[in-house]
Structure formats: C-alpha cells, structure tokens
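Undergrad: Below: one structure in structure tokens.
Residue numbers (this note's numbering), protein chains in the order written: chain E, 1 to 294; chain V, 295 to 377.
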C-alpha cells in the first residue's frame with residue numbers, strides 16, 4: 001500500500017480533501033497488544049459489521065466508515081494497493097455519501113523522530129535492497145509507480161545508553177593505530193538490525209552466527225578523535241514469521257567522531273560495505289546505513 | 295567493559311582488506327553512502343496524508359467534520375517499512 005496507492009498523488013488528494021485517514025498495526029489489536037480496550041472494541045465492531053453485511057473482512061484491508069462510524073465498504077489490500085482500484089472505491093463513497101471537498105482536517109506531517117532520554121545516543125538505521133549498476137550498487141525501484149513494497153527502505157531506531165555508547169569511545173590518551181574490539185553485547189545490539197526489508201521484523205528470530213566490530217583510532221587532533229569501525233556479520237534471518245534457511249552476510253565500515261575533552265560522541269556513521277541476503281537459491285544485495293542524530 | 299587492544303595490526307589489515315576494491319572506504323565515502331540510502335521524497339510521499347493518531351480519534355473527527363473514515367489495517371509497521 002505504501003509503495004502503491006498511498007504514494008499516488010490522486011489518492012493522497014482524495015484522502016486529504018474528503019476523508020479522515022487512519023492506519024493501524026494488527027499486532028497492537030491482538031490480545032496483549034498496545035491498543036486500548038476501547039480501540040480494540042471499535043475494530044472488533046467494524047469487523048462484525050463487515051461480516052454482517054457480507055463485506056470483505058480481514059487483517060490487511062482498507063475499510064470505509066460513514067461519518068457516523070459504521071462500516072460501508074471494504075477492500076483487500078491485494079486490490080487496494082493498485083491506485084486505480086482504490087480511487088474507484090474512494091470516489092464511489094464520496095459520491096454515495098454526498099461529501100463536499102475541504103481542507104485536510106489533519107495536517108500532514110513527517111514521521112516524528114523519537115525523543116531520546118538524556119545521555120543516550122539515538123541512532124537511525126535505514127535498510128534497503130540494492131541492485132548492481134556497473135561497478136556500483138544503486139537503489140531499487142526508483143521508477144514512478146513501481147509499487148513493490150520491497151523497494152521501500154526499512155527504518156529502525158536504536159538507542160544506546162551512556163554505558164553502551166561509552167564503550168565506543170577511544171580510551172583516554174589513545175594514539176592513532178590503537179585498536180580494540182567492541183564487546184559482543186553491544187555489537188549484537190547494533191548488528192541484529194542489519195537485515196533487509198522482509199515480512200519478518202521480529203528481532204528474536206535473528207541469530208548472529210558470526211559477528212565482529214573493531215574500532216581503530218585513525219587520527220587524534222586537538223578538536224577531536226576519529227575512530228574507524230570495521231566489522232562483519234553472518235546472521236540467520238527468516239523472511240517470514242516461520243523458520244527458513246535465509247541468512248545475512250555483510251561487512252561494515254564506519255566512523256565515529258568524538259570530543260576527547262567532553263568524552264562524548266559527536267557523530268557516528270556506519271554502512272555496509274558488502275551485504276547479501278542469501279538462501280532459497282537467491283542472493284540479494286542490500287545496504288544498511290546507520291547515523292547518529294543530535 | 296572488556297577491551298582488547300590490538301595496536302596497529304588491525305589498522306593495517308583493514309587498509310589491506312579494502313585496497314582490493316579500488317575505492318577507499320574513508321569518511322567521505324561512508325557519509326555519501328549514508329546520504330544516498332536515506333528514504334527519498336517519493337518514498338516519503340505517504341506522509342503527505344494527514345493521519346489520525348488512532349482509530350478512535352479518526353471516528354471522533356469523522357463525526358465532528360462529517361467526513362467518512364479511511365481505515366487501513368496491516369501487519370507490521372507502516373511508518374518504518376518493517377511490514
């Protein structure tokens with residue numbers, strides 16, 4: 001949906017001018033999920049109205065509710081991701097309900113950045129598939145209307161406590177060339193996010209079979225110390241929420257700029273130098289970029 | 295905190311391991327890669343839709359403004375592409 005209909009300007013215009021839009025994650029509405037009991041009850045009601053009216057009902061769907069909150073229409077995502085199908089659905093309900101166009105009720109806004117706790121280091125990670133072009137790798141699916149969800153980047157936020165990010169700092173008095181290995185718990189915390197977009201985002205299904213991250217002081221200047229990170233990983237990562245033989249194999253490289261006097265990290269950037277998602281006879285190149293946010 | 299200092303050997307091996315590719319993986323290269331792989335404006339286009347914070351807010355606003363609700367239910371996390 002996000003790569004298809006929800007990126008279509010005609011759909012965006014229709015939703016903003018005529019509708020109140022909402023999306024939800026099914027996990028939040030399962031037993032023990034984060035949604036409130038009242039939210040869960042509303043979704044349960046909508047499903048019930050769908051069954052009663054013999055409408056299509058399911059977990060990956062779009063639903064149209066009348067202004068009074070009652071269900072009037074629905075469509076499976078297998079159809080709704082296509083802009084033409086969704087536009088037809090939106091149009092017929094706008095006309096059927098005699099809705100007048102207007103300004104967006106909710107102002108569109110970019111994805112909010114998490115607010116980190118004091119003394120923590122917030123890292124933003126992007127993972128995406130790549131394709132070889134000549135001697136380099138480029139982003140996949142950049143043509144308008146490609147519509148394939150796997151071309152979208154996946155994003156994660158990683159928060160390191162002071163105790164964790166301090167272990168990335170060079171030791172006091174460090175000299176260029178001095179190296180140390182980053183300890184396994186911290187390496188695991190970072191590298192377990194190094195997998196491409198799949199239909200499985202459960203980190204507990206990842207298994208790091210090989211991992212290393214080495215820090216080496218590159219330069220020591222009065223204004224700061226530059227440290228280079230190099231590492232590699234081999235990690236089992238099932239594509240779906242069931243076991244398979246797929247795994248990630250990657251090498252990484254990055255740099256940390258530190259303020260030696262204040263013992264803090266000024267910036268951290270780390271990317272995959274080479275990364276492949278292997279198994280089932282396929283070998284898919286992908287890239288991961290991690291950067292610190294102020 | 296366990297730190298094992300390996301002196302200049304690691305630095306040397308790192309340089310040698312990267313030399314084969316012909317491209318130096320220096321700070322500028324890492325920074326360029328980081329920028330290139332960020333979500334593009336087209337990939338963020340769905341953020342041009344005004345989204346209610348949850349279903350109940352959408353229902354409330356629908357009633358107040360007499361507009362229908364468009365509800366999208368999905369597995370995973372739409373906002374971060376892990377789905």
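Cβ atoms here follow ideal geometry from the backbone N, Cα and C, with glycine treated the same way. Here the structure is a predicted model, which is why all the values come from computation and not from measurement.
Does the beta carbon of residue 205 of chain E come closer than 8 Å to any beta carbon on chain V?
TA: Taking Cβ atoms only, chain V never reaches closer than 8 Å to residue 205 of chain E, which makes this a no.
Undergrad: Note down, in chain order, every chain V residue with its Cβ under 7 Å from the Cβ of residue 52 of chain E.
TA: What residue 52 of chain E touches in chain V: nothing, since even the nearest Cβ is about 17 Å away.
Undergrad: Going by DSSP in three states, residue 50 of chain E sits in which element: helix, strand or coil?
TA: It is helical.
Undergrad: What residues in the region 264 to 283 of chain E bring their beta carbon closer than 8 Å to a beta carbon of chain V?
TA: Correct list: 269, 270, 271 and 273.
Undergrad: Determine the closest residue to residue 109 of chain E out of E:284, E:10, E:231 and E:16, with distance taken between C-alpha atoms.
TA: Per the Cα distances, E:16.
Undergrad: Give the interface partners of residue 99 of chain E over in chain V, defined as CB-CB distance under 9 Å, in chain order.
TA: Residues of chain V passing the Cβ test: 360, 361 and 362.
Undergrad: List the endpoints of the continuous alpha helix (DSSP H) containing residue 28 of chain E.
TA: Residue 28 of chain E -> alpha helix (DSSP H) spans 26 to 29.
Undergrad: Would you kindly check if the distance between the Cβ of residue 250 of chain E and the Cβ of residue 278 of chain E is under 8 Å?
TA: It is not a contact, given that the beta carbons lie outside the stated cut-off.
Undergrad: Helix, strand or coil, according to DSSP, for residue 273 of chain E in the structure here?
TA: Of the three classes helix, strand and coil, the one that applies to residue 273 of chain E here is strand, per DSSP.
Undergrad: If you draw a straight line from the C-alpha of residue 299 of chain V to the C-alpha of residue 261 of chain E, how long is it?
TA: Below a pLDDT of 50, predicted positions are generally treated as unreliable, and residue 299 of chain V, at 38, falls in that range; no measurement from the model is reported.
Undergrad: Is there a C-beta anywhere in chain V that falls below 8 Å from the one on residue 119 of chain E?
TA: Taking Cβ atoms only, chain V never reaches closer than 8 Å to residue 119 of chain E, which makes this a no.
Undergrad: Which of helix, strand or coil does DSSP assign to residue 205 of chain E?
TA: The answer is helix: DSSP assigns residue 205 of chain E an H, G or I state.
Undergrad: Is residue 314 of chain V close to chain E? Criterion is C-beta to C-beta, closer than 8 Å.
TA: The predicted position of residue 314 of chain V is uncertain, since its pLDDT is 42 and thus under 50; a value taken from the coordinates is nonetheless stated next. With 8 Å as the cut-off, residue 314 of chain V does not count as an interface residue toward chain E.
Undergrad: Taking DSSP's pairing of strands, which residues face residue 74 of chain E in a bridge?
TA: Residue 74 of chain E pairs with E:63.
Undergrad: Could you spell out the range, first to last residue, of the alpha helix (DSSP H) harbouring residue 184 of chain E?
TA: Where residue 184 of chain E is concerned, the enclosing alpha helix (DSSP H) stretches over 184 to 191.
Undergrad: Just to check my reading of the structure: residue 355 of chain V and residue 69 of chain E have Cβ atoms closer than 8 Å, yes? What is that Cβ distance to the nearest angstrom?
TA: About 11 Å separates the two Cβ atoms, so there is no contact after all.
Undergrad: Helix, strand or coil for residue 109 of chain E? Go by DSSP, reduced to three states.
TA: Correct three-state label for residue 109 of chain E: coil.
Undergrad: Pick from E:192, E:217 and E:216: whose alpha carbon is nearest that of residue 206 of chain E?
TA: Here the closest residue by C-alpha is E:192.
Undergrad: For residue 226 of chain E, does the three-state DSSP call read helix, strand or coil?
TA: Note: residue 226 of chain E maps to strand in three-state DSSP.
Undergrad: Since residue 53 of chain E and residue 365 of chain V are thought to touch, with beta carbons under 8 Å apart, how far apart are those beta carbons, to the nearest angstrom?
TA: About 15 Å separates the two Cβ atoms, so there is no contact after all.
Undergrad: Could you check whether the region 22 to 37 of chain E touches the region 329 to 348 of chain V, counting it as contact only if at least three pairs of C-beta atoms, one from each stretch, sit closer than 8 Å?
TA: Touching, yes, given that three or more Cβ pairs across the two stretches are closer than 8 Å.
Undergrad: Quick one: which chain E residues come within Cβ less than 7 Å of residue 328 of chain V?
TA: 269, 271, 289 and 291, listed in chain order.
Undergrad: Using beta carbons (cut-off 8 Å, strictly below), is residue 335 of chain V in contact with chain E?
TA: Residue 335 of chain V does not count as touching chain E.
Undergrad: Are the CB atoms of residue 194 of chain E and residue 235 of chain E nearer to each other than 8 Å?
TA: Yes.
Undergrad: Along the chain, where does the beta strand (DSSP E) containing residue 14 of chain E start, and where does it finish?
TA: Looking at the DSSP string, residue 14 of chain E is not in any beta strand (DSSP E); the run it does join, the alpha helix (DSSP H), is 9 to 18.
Undergrad: Does the count of Cβ pairs from the region 136 to 144 of chain E and the region 163 to 179 of chain E closer than 8 Å reach three?
TA: No, the region 136 to 144 of chain E is not in contact with the region 163 to 179 of chain E.
Undergrad: How would you list, in chain order, the residues of chain V whose beta-carbon sits under 8 Å from the beta-carbon of residue 128 of chain E?
TA: Ordered by position in chain V, the residues that pass the 8 Å Cβ test against residue 128 of chain E are 331.
Undergrad: Per DSSP, what kind of secondary structure is residue 199 of chain E in: helix, strand or coil?
TA: Coil at residue 199 of chain E, not helix or strand.
Undergrad: Which of the three DSSP states, helix, strand or coil, is assigned to residue 3 of chain E?
TA: Coil, per DSSP.
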